[in-house]
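The structure appears below as structure tokens.
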Amino acid sequence: GGFPHTTEIEQISSATFARGGILAKALVPFRIAGGVIGAAYKMLRDRPDVIIGFGGYPTIPAMAAATLLRLPRMIHEQNGVLGRVNTLFAPRVDAVACGTWPTDLAAGIEGAHVGNPVRGSILDRAGAGYIQPGDYPMDLLVIGGSQGARIFSDIIPPAIAQLPMDILRNLRVSHQARGEDEDRVRDYYASEGVNAEVASFFQ
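First residue of the sequence shown? That's 11 in the numbering used here, and the numbers climb one at a time after it.
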């Protein structure tokens with residue numbers, strides 16, 4: 011979502027050791043290797059001007075292929091501390107773009123503060139005044155990481171449940187949680203009478 015309808019999107023395989031059972035974990039290196047081969051083929055075919063990685067395990071095949079082919083490449087880090095994948099590729103790219111400044115970078119690595127890309131509809135709300143909670147429908151979005159953050163699933167639902175009832179009855183929560191946490195987070199909200207939608211990904 012968020013791309014113009016004319017944008018052509020191609021997918022390559024990737025995987026993470028953080029999910030699945032023993033068999034799924036055993037297949038991770040093969041899926042990543044397949045992704046690297048697929049990405050390299052597409053790059054040789056299309057000859058992109060630059061390859062940009064935004065962190066997270068899905069970027070590993072593309073960034074690895076770009077590194078092997080010695081194509082111009084860069085990473086973008088949205089947080090003040092590099093994630094694991096961006097840490098891996100930071101010494102191997104031509105530029106490091108930082109969404110937050112200062113960003114904690116390893117010695118010898120220079121970053122450029124460029125801010126974080128956001129959709130136009132979000133940018134249009136920049137500078138909007140604070141609206142006091144009241145007797146009207148309110149939406150609360152809980153997100154953390156690309157597929158949810160476990161600590162958010164541990165601490166935020168109990169915090170929301172402690173809100174005054176005059177706020178809770180008008181509140182609708184959309185909570186992004188990891189797949190393995192979805193059921194317990196959904197059950198907790200239901201047990202506390204909180205109107206919540208819980209999913210691992212929101213379109």
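Glycine included, C-beta positions come from ideal geometry on N, C-alpha and C.
Asked, Found
"Range covered by the beta strand (DSSP E) that runs through N205", "205–209"
"Residues that I85 bridges to, as DSSP identifies them", "G63, V106"
"D176, DSSP secondary structure in three states", "helix"
"Cβ-based burial, I85 [other Cβ within 10 Å; buried from 16]", "buried"
"CA-to-CA distance, E120 to E87, given in whole angstroms", "12 Å"
"Element boundaries [beta strand (DSSP E), containing S23]", "Segment: none, S23 is in no beta strand (DSSP E) and carries neither H nor E."
"Limits of the unbroken beta strand (DSSP E) element including R182", "181–186"
"Sub-9 Å separation of N126 and T110 beta-carbons", "yes"
"Complete alpha helix (DSSP H) runs within the stretch 96–167 (minimum length 4 residues, chain order)", "130–133"
"Nonlocal neighbours in the same chain, by C-beta distance under 6 Å from A74, ignoring five residues either side", "V46"
"Through-space distance from L181 to F40, alpha-carbon basis", "45 Å"
"Cβ pair R83, D104 closer than 9 Å", "yes"
"Residues near V38 in its chain [Cβ-Cβ closer than 8 Å; skip 5 each side]", "A25, T26, F27"
"Residue nearest to R102 in terms of C-alpha spacing, selected from L81, C108, N89", "L81"
"Closest residue to H123 among E20, V195, C108 (Cα-Cα distance)", "C108"
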